[in-house]
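*Asks:*
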Amino acid sequence: MTEEQESLHARLMLLIPINNLQSAQQEQVLRYAEILDIKKRNYVFRQGDRDNWTFYVLEGELEMFADDQLIKRVVGGEGASFHALAQLQPRQMSARAKTKVKILRLDRGLVDRLLSIENNPGPATPDIEVTEIDIDASGEWLTDM
């Protein structure tokens, strides 16, 4: 694993809800993750967009707008950056870079599948205990009870 991948993996451990996945599933997320470098004043997505992505701010500062009004700022490494940006589809807000930002882009379907596997690991198998009963060879076991 390269230094950049190790750094990204360490960051994945902080991202919600990815931090709840098992290590092997986090590795799978990491394999398909993309890091986007967004220039100042460029948009990550716009209000009304429909897409198949989940976005996290890794570095820099991003502004979230709804109907051209500033709703919040998200700074990489701080509280809100550990949560995915504006998940609802169509997008309820626009995300514009206030500074140069690094964005982690994940396939929403992959994340959803891995989370559903994590939350529903499969049917529970009951524990079965087998006890041997010493039976008289006479065959009259029912009357002996």
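Residue numbering for the sequence shown follows this note's numbering, starting at 3 and increasing by one per position. Note that the Cβ used here is the ideal one computed from N, Cα and C, for glycine as well.
(1) What's the C-alpha gap between residue 42 and residue 97?
(2) My understanding is that residue 35 touches residue 117, with C-beta atoms under 8 angstroms, so please give their C-beta distance in whole angstroms.
(3) Expressed to the nearest angstrom, what Euclidean distance is found between the alpha-carbon atoms of residue 89 and residue 111?
(4) By Cβ distance, which residues of its chain are closer than 8 angstroms to residue 7, with the 5 residues on each side in sequence left out?
(5) Tell me whether residue 16 is buried or exposed, calling it buried when 16 or more other Cβ atoms sit within 10 Å of its Cβ.
(6) First and last residue of the beta strand (DSSP E) that includes residue 71?
(7) Could you check what DSSP says for residue 98 in three-state terms: helix, strand or coil?
(8) Which parts of the region 19 to 67 are runs of the beta strand (DSSP E), unbroken and 3 residues or longer, counting only runs that do not cross its ends?
(9) Taking the continuous beta strand (DSSP E) assigned at residue 106, which residues delimit it?
(10) Please return the same chain residues whose Cβ sits closer than 6 angstroms to the Cβ of residue 48, not counting the five positions on each side in sequence.
(11) By Cβ distance, which residues of its chain are closer than 7 angstroms to residue 29, with the 5 residues on each side in sequence left out?
(12) On the CB-based measure, 16 or more other CB atoms within 10 Å of its CB, does residue 19 come out buried or exposed?
*Replies:* Taking the coordinates as given:
(1) 11 angstroms
(2) Not confirmed; about 15 angstroms, so no contact.
(3) 12 angstroms
(4) 32
(5) exposed
(6) 71 to 77
(7) strand
(8) 36 to 40, 45 to 47, 55 to 61
(9) 103 to 109
(10) 96
(11) none
(12) exposed
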